[in-house]
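Peer 1:
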Amino acid sequence: MNINDKLESTVFAIFGGTGDLAWRKLMPALFDLSRDRSLPVNFAIIVLGRSKITDDKLRYHLHEGVNQFSRRGMVQGEEWNQFARHIHYLQGDYQELQTYSTLADQCTKLEMEWGVKAQRIYYLATPPSMFGEISDCLGKAGLADDREQTRIVIEKPIGYDLSSAIALNSKLAETFDESQVFRIDHYLGKETVQNILAFRFANPLFEPIWNRRYVEYVTITVAEEVGVKNRGGYYDGAGALRDMVQNHLMQLLCLVAMEPMVSFDADEIRNKKVDVLHAVRPIHYDAVHQSVVRGQYGKGWIGGKEVCGYHGENGVAPDSQTETFVALKLFVDNWRWQDVPFYLRTGKRLTRQVSEVVIHFRAVPHQSFPPEASLDWKSSRLVMSIQPDEGIVLRFQAKHPGSKIHLRTVEMKFNYQETFACRSPDAYEALLWDVMKNDATLFMRADQIEAAWRLLMPVLEMWEVASPSDFPNYAAGTWGPEGAQGLLAQNGHSWPLPTELVHPAEPACEVHDLGEDGGVLKEGK
Ligand code: BG6
């Protein structure tokens with residue numbers, strides 16, 4: 159195993175470590191970190207679970223997950239064995255203090271072997287309903303006493319609504335200081351999401367135009383082609399607003415709209431992000447229908463295959479009213495963004511998977527070119543492609559070669575894979591590494607979570623009393639309900655089609671004889 163002797167000795171305890179999250183995400187990420195020499199010399203993973211299994215059986219099971227999900231593909235036996243000897247299994251009931259004292263003993267034993275005190279990370283890969291109780295027990299067992307050396311990691315969903323989020327945050331605060339709590343929103347670990355800050359604040363070029371004077375509107379799309387897969391039970395109780403908007407989309411909004419940070423300090427950045435949430439114009443209960451559109455998919459076609467509607471998915475109630483699509487129009491009431499609409503949308507079973515932020519710039523204040531020169535004029539756009547393509551595209555006008563002046567829309571592209579010649583690490587690699595380094599920049603603070611819930615509560619409350627009358631209202635394989643187009647059309651805006659980053663653009667158009675009409679451009683084959 160590759161090791162790093164500059165990192166602090168670490169015990170990484172995973173509650174619910176025999177489950178899907180550890181199998182698909184945590185263990186492959188830890189393995190990939192080990193390959194990059196990003197784990198300490200003294201490192202142990204204690205997997206906690208209820209099942210009765212041996213260390214060997216657990217390691218075998220985790221090996222399969224790593225083979226499937228490591229970004230390096232299949233892992234050779236010897237390499238796996240070297241990593242796997244750091245994994246230990248601890249069977250126990252999370253409600254019994256005995257489990258925690260056994261964990262404490264194991265940690266002490268490892269520290270004695272290593273001859274140093276280790277930092278302890280408790281990762282709760284359990285259902286959220288157990289977060290409070292586990293946190294309590296960790297406290298009672300004295301496992302959280304050292305504020306510098308212990309951390310707790312939890313994943314969204316953090317609460318089901320504002321009051322449950324406040325209750326959970328208060329419960330955690332009984333045992334842990336806020337600085338010890340790492341709340342994961344895996345979108346923040348994505349390279350392309352982190353790059354939003356680099357792009358905005360490491361270049362003086364765009365910041366001066368990143369405001370209401372130059373930006374007409376912003377669209378943020380997180381579209382999924384997949385349905386609810388095998389998570390129908392969970393999803394049907396959550397819906398798209400809770401599952402995606404409260405967290406991932408709000409985080410993207412914050413990164414796009416925030417003010418420049420003064421330093422790269424975690425709280426400085428998180429303060430700037432929470433300022434955005436505080437500035438979002440509240441959606442009043444009786445205006446929800448004007449600003450928010452919800453949808454649910456019916457059956458349709460994706461990739462040439464017929465797929466069932468939401469009601470046909472496993473674990474979903476046949477008459478479910480849960481939304482699988484949401485589009486919202488928001489305003490950020492501050493000097494920079496006053497009256498610039500931010501349109502957010504997310505949905506399952508849409509035409510294709512694409513996550514992107516698009517900044518739509520205003521038209522030029524005065525058009526000095528002859529009208530026939532700018533027949534296919536389109537406003538300038540900056541596209542930040544988050545996934546599956548990763549990169550940035552700037553669309554602008556250029557003069558088409560030829561004797562007459564004719565403007566044409568062209569694109570400049572930056573593609574991660576081509577530029578850096580490597581695959582971006584999985585979000586969990588970045589996040590787990592940061593937990594070990596005690597860097598909370600990419601994690602959600604309690605006040606951020608609560609501010610995001612506060613904004614969405616009128617929508618949830620309104621939906622609770624006003625059932626949709628038209629579900630399902632979009633066919634799988636489309637871009638969602640018609641209302642989502644209408645939300646933008648009212649202002650003369652439209653959702654952009656996904657920007658192609660990877661596939662080469664169509665061959666340039668040929669210049670035909672530019673006659674008296676100013677010239678006609680024909681698309682090349
Ligand atoms: C999760 C949601 O947080 O994010 C899922 O619970 C969703 O419903 C997933 O599919 C999307 O993540 P990614 O990284 O695949 O875009």
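If you read the sequence shown in my numbering, its first letter stands for residue 159, the second for the next number, and so on.
Where is the CB? At the ideal position from N, CA and C, for every residue including glycine.
Predicted model only: the values in this text are computed from it and were never measured.
1. Measuring only from the beta carbon, is Gln-545 closer than 7 Å to any heavy atom that is part of the ligand BG6?
2. I'd like the list of long-range same chain contacts for Val-380, defined as Cβ closer than 7 Å, with 5 residues on each side in sequence excluded.
3. For Ser-137, does the count of other Cβ atoms within 10 angstroms reach 16, so buried, or fall short, so exposed?
4. Between the Cα of Ser-421 and the Cα atoms of Leu-413, Val-414, Ala-415 and Lys-430, which residue gives the shortest distance?
5. Could you spell out where the alpha helix (DSSP H) holding Leu-268 opens and where it closes?
6. Kindly list the residues whose CB is nearer than 6 Å to the CB of Phe-201, restricted to its own chain and excluding five residues on each side of it in sequence; keep chain order.
7. In chain order, which continuous runs of the beta strand (DSSP E) of length 3 or greater are located wholly inside the stretch 313–362?
8. Let me check understanding here. Comparing Cα to Cα, which of His-558, Val-522, Val-515 and Ser-526 lies closest to Leu-552?
9. Could you check if Tyr-258 is buried or exposed, using at least 16 other CB atoms within 10 Å of its CB as the buried criterion?
10. Below 8 Å on the Cβ atoms is my contact criterion, and I expect Ile-544 with Lys-348 to pass it. Report the Cβ-Cβ distance as a whole number of Å.
11. By the 10 Å Cβ neighbour count, where 16 or more other Cβ atoms means buried, how is Asn-361 classified, buried or exposed?
12. Can you tell me the Cβ-Cβ gap for Val-414 and Leu-488, rounded? I've got them flagged as a contact below 8 Å.
13. With 16 as the cutoff for other CB atoms within 10 Å, does Val-311 come out buried or exposed?
14. In chain order, what residues of the same chain have a beta carbon less than 6 Å from the beta carbon of Gly-677, not counting five sequence neighbours either side?
15. Just to confirm the assignment, what range does the beta strand (DSSP E) spanning Pro-499 have?
16. Compute the distance between the beta-carbons of Gly-456 and Gly-473, then report whether it is under 8 Å.
17. Please classify Tyr-574: is it buried, with 16 or more other beta-carbons within 10 angstroms of its beta-carbon, or exposed?
18. Does the separation of the CB atoms of Leu-399 and Val-434 fall below 8 Å?
19. For Glu-548, is the beta carbon positioned less than 7 Å from some heavy atom of the ligand BG6?
20. Run through DSSP, which three-state label would Lys-307 get?
21. DSSP has Glu-464 in a bridge; who is on the other side?
22. Tyr-372 to Ala-262, Cα distance in whole Å?
23. At which residue ranges does the stretch 583–639 contain complete alpha helix (DSSP H) runs of 4 or more residues, listed in the order of the chain?
24. The ligand BG6 and Asp-401: does any heavy atom of the ligand fall closer than 7 Å to the residue's C-beta?
25. Closest to Ala-180 by C-alpha separation, out of Asp-343, Lys-267, Tyr-281 and Gln-264, would be which residue?
26. For Val-205 versus Leu-248, is the C-beta spacing smaller than 8 Å?
27. Measure the CB-CB distance between Phe-519 and Ser-537 and report whether it falls below 8 Å.
28. Which of the three DSSP states, helix, strand or coil, is assigned to Thr-480?
29. Residues in the same chain with beta-carbon distance under 7 Å from Asp-671, minus the five sequence neighbours each way, listed in chain order, please.
30. In this structure, how does DSSP classify Gly-673 when only helix, strand and coil are distinguished?
31. Does the distance from the C-beta atom of Val-465 to that of Gly-385 stay below 8 Å?
32. Alpha carbons only, please: which of Arg-208, Leu-301, Pro-546 and Gly-462 is nearest the one belonging to Thr-657?
33. Where does Glu-514 sit, in a helix, a strand or coil, going by DSSP?
34. Thinking just about the alpha-carbon of each residue, which of Glu-166, Pro-626, Gly-175 and His-469 is nearest to the one in Gly-207?
35. Along the chain, where does the beta strand (DSSP E) that runs through Tyr-280 open and close?
36. Grab me the residues of Glu-569's own chain with a C-beta within less than 6 Å of its C-beta, minus the 5 sequence neighbours each way, in chain order.
Peer 2: Let's see:
1. Here residue 545 refers to the residue found at position 387 of the sequence shown. At least one heavy atom of the ligand BG6 is nearer than 7 Å to the Cβ of Gln-545, so yes.
2. Position 222 of the sequence shown, counted from the first residue, corresponds to residue 380. Met-402, His-406, Leu-407, Thr-504 and Ser-513.
3. For residue 137 there is no data in the structure shown, the boundaries of the chain being 159 and 683.
4. For the purposes of this step, residue 421 is identified with residue 263 of the sequence shown, where counting begins at 1. For Ser-421, the nearest C-alpha among the options comes from Lys-430.
5. Here residue 268 corresponds to residue number 110 of the sequence shown, with the count starting at 1. From DSSP, the alpha helix (DSSP H) with Leu-268 extends over 255–272.
6. By one-based count along the sequence shown, residue 201 stands at place 43. Around Phe-201: Thr-168 and His-244.
7. 339–342
8. For this step, residue 552 is matched to residue 394 along the sequence shown. Leu-552 has its Cα closest to that of Val-515, out of His-558, Val-522, Val-515 and Ser-526.
9. Taking the first residue of the sequence shown as position 1, residue 258 is located at position 100. When all chains shown are included, Tyr-258 counts as buried.
10. Here the question's residue 544 lines up with position 386 in the sequence shown. Here the question's residue 348 lines up with position 190 in the sequence shown. That belief holds up - the Cβ atoms of Ile-544 and Lys-348 are roughly 6 Å apart, short of 8 Å.
11. For the purposes of this step, residue 361 is identified with residue 203 of the sequence shown, where counting begins at 1. So Asn-361 counts as exposed.
12. In the sequence shown, residue 414 corresponds to position 256, counting from 1. In the sequence shown, residue 488 corresponds to position 330, counting from 1. Actually they are not in contact, since the Cβ atoms of Val-414 and Leu-488 sit about 11 Å apart, beyond 8 Å.
13. Translated into the one-based positions of the sequence shown, residue 311 becomes position 153. So Val-311 ends up on the buried side.
14. Here residue 677 is taken as the residue at index 519 of the sequence shown, counted from 1. Low confidence applies to Gly-677: its pLDDT is 34, below 50, so where it sits in the model is not reliable enough to give any reading.
15. For the purposes of this step, residue 499 is identified with residue 341 of the sequence shown, where counting begins at 1. Counting along the chain, the beta strand (DSSP E) containing Pro-499 begins and ends at 499–505.
16. Here residue 456 is taken as the residue at index 298 of the sequence shown, counted from 1. Here residue 473 is taken as the residue at index 315 of the sequence shown, counted from 1. No, the pair does not count as a contact, with Cβ atoms beyond the cut-off.
17. On the sequence shown, position 416 is the one that residue 574 refers to. With 16 or more other Cβ atoms within 10 Å, it is buried.
18. Counted from its first residue, the sequence shown places residue 399 at position 241. Counted from its first residue, the sequence shown places residue 434 at position 276. No, the pair does not count as a contact, with Cβ atoms beyond the cut-off.
19. Start at 1 with the first residue of the sequence shown, and residue 548 comes out as number 390. No, the beta carbon of Glu-548 sits no closer than 7 Å to any heavy atom of the ligand BG6.
20. Translated into positions along the sequence shown, residue 307 becomes position 149. Per the sequence shown, residue 307 should be read as Gln rather than Lys. Looking at Gln-307 - three-state DSSP - the assignment turns out to be coil, as it is neither helix nor strand.
21. In the sequence shown, residue 464 corresponds to position 306, counting from 1. DSSP output for Glu-464 lists Trp-459 as bridge partner(s).
22. On the sequence shown, residue 372 is found 214 positions in, with the first residue counted as 1. On the sequence shown, residue 262 is found 104 positions in, with the first residue counted as 1. Tyr-372 and Ala-262: Cα-Cα distance of roughly 57 Å.
23. 585–594 and 604–623
24. For the purposes of this step, residue 401 is identified with residue 243 of the sequence shown, where counting begins at 1. It does: the Cβ of Asp-401 is within 7 Å (strictly closer) of some heavy atom of the ligand BG6.
25. Here residue 180 corresponds to residue number 22 of the sequence shown, with the count starting at 1. Looking at the Cα atoms, Tyr-281 is the closest of the given residues.
26. To locate residue 205, count along the sequence shown from 1; it is residue 47. To locate residue 248, count along the sequence shown from 1; it is residue 90. Yes, these two residues count as a Cβ contact at 8 Å.
27. Reading the sequence shown from its first residue, position 361 is the one you call residue 519. Reading the sequence shown from its first residue, position 379 is the one you call residue 537. Going by C-beta atoms, Phe-519 is nearer than 8 Å to Ser-537.
28. One-based indexing of the sequence shown puts residue 480 at position 322. Of the three classes helix, strand and coil, the one that applies to Thr-480 here is coil, per DSSP.
29. By one-based count along the sequence shown, residue 671 stands at place 513. Reliability of the predicted coordinates at Asp-671 is poor, the pLDDT of 39 falling under 50, and no value is obtained from them.
30. One-based indexing of the sequence shown puts residue 673 at position 515. Since pLDDT at Gly-673 reaches only 37, below the 50 mark, its modelled position is unreliable, and the value read off the structure follows with that caveat. Reduced to three states, the DSSP call for Gly-673 is coil.
31. For the purposes of this step, residue 465 is taken as the residue at position 307 of the sequence shown. For the purposes of this step, residue 385 is taken as the residue at position 227 of the sequence shown. Yes, they are a contact pair.
32. On the sequence shown, residue 657 is found 499 positions in, with the first residue counted as 1. Here the closest residue by C-alpha is Pro-546.
33. Numbered from 1 along the sequence shown, position 356 holds the residue referred to as residue 514. Reduced to three states, the DSSP call for Glu-514 is strand.
34. On the sequence shown, residue 207 is found 49 positions in, with the first residue counted as 1. Nearest C-alpha to Gly-207: Gly-175.
35. By one-based count along the sequence shown, residue 280 stands at place 122. Residues 277–282.
36. Translated into the one-based positions of the sequence shown, residue 569 becomes position 411. So the list reads Val-551 and Arg-553, once near-sequence residues are dropped.
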